[in-house]
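First the structure, in the form of structure tokens, and then the observations on it.
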Amino acid sequence: MQARSALFDLYGDHLRPRGGRAAVAALVRLLAPLGIAAPAVRTAVSRMVRQGWLHPLRLPTGPGYGITPKAARRLDAAGARIYRTPKGDTTWSGRFDLITLDPPQHRGARARLVANLGFLGYGAIDASTWIAPRPGEGVDALLTEAGVRFDRFSAAHVAGGGSLVSRAWDLDEIGAAYEQFVARLTPLVSAVGPGTDDEQAYAARFTLVHAWRAFLFRDPQLPPELLPQRWPGTAAAAFFDRHAGRLRPAADRYVDQCLHS
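For the sequence shown, our numbering assigns the number 52 to the initial residue and increments by one for each residue that follows.
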């Protein structure tokens, strides 16, 4: 588990509801059970400050870091998808959000754009054409900030073989990843019972959420009309909800202990 990715999980899942700030010493304590050493935490924090995700501040318990408005928006969007609490009517309109763009020439910029569009639920038909089952929140700002020329359309499938979804997303691969997620995490979460201490429960839950969060970049959360029958993501979501909820009280106790030590 990389320190930067773990910090995003920590701020999003535990610190955002507690004001989105923590002392450096607390960050080190909270990532230690994941096997992340203090120098890696400090290096990752510095990088996130440079990238505009965190800002330094002084707390009663010592120097620390809080999330920026940019980070708050990203973490809130991720949290809504992790726990599937979208706003408004979730009924699919039957229309796709379609984007045509001129990809960045620089490989690093192109990779960041691909990752960000994937996070918002878009799949690539080709390097210049992307679709999503619904408009991604903030997608216009994302594309403008990336400096790419683009056009967006609201599109409906009216004829043909219906291969659009399979061209944009490999549902077989995503479904297999969901099955592997359940198989890999079952021994870890099953080992946490009534006699387990709070630190172990926190570490197990953190690992569970971290693994689940990876699907934000892989699964566009297509409406049921576009998914195959017996979609593995449905069982995986139920598995995640059950164990994330079961382990939450012990994890919260451990977080509060580390923040106030």
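Backbone N, C-alpha and C define an ideal beta-carbon position, used for all residues, glycine too. All values derive from a computational prediction rather than experimental measurement.
- Approximately 7 Å separates the beta-carbon atoms of A286 and V233; this is inside 8 Å, confirming the contact.
- According to the DSSP assignment, A252 belongs to the alpha helix (DSSP H) that extends over 249 to 264.
- DSSP links Y116 through a beta bridge to A73, P107.
- Our two residues, A129 and G63, have alpha carbons roughly 8 Å apart in a direct line.
- Distances from the CA of A289 to each of R163, P186, V216, R135 were compared; the closest alpha carbon is that of R135.
- Contact check between the stretch 149 to 159 and the stretch 80 to 89: fewer than three CB pairs, one atom from each, fall below 8 Å, which does not count as touching.
- Rounded to whole angstroms, the separation of the alpha carbons of A262 and V306 is 19 Å.
- For T94, there is no enclosing beta strand (DSSP E); the enclosing alpha helix (DSSP H) has its first and last residue at 89 to 101.
- Linking R235 to L171 through their CA atoms gives a straight-line distance of about 26 Å.
- Excluding sequence positions up to five before and after L110, its CB lies within less than 7 Å of the CB of R72, A74, all in the same chain and listed in chain order.
- Under the DSSP assignment, A206 falls in the beta strand (DSSP E) whose first and last residues are 201 to 207.
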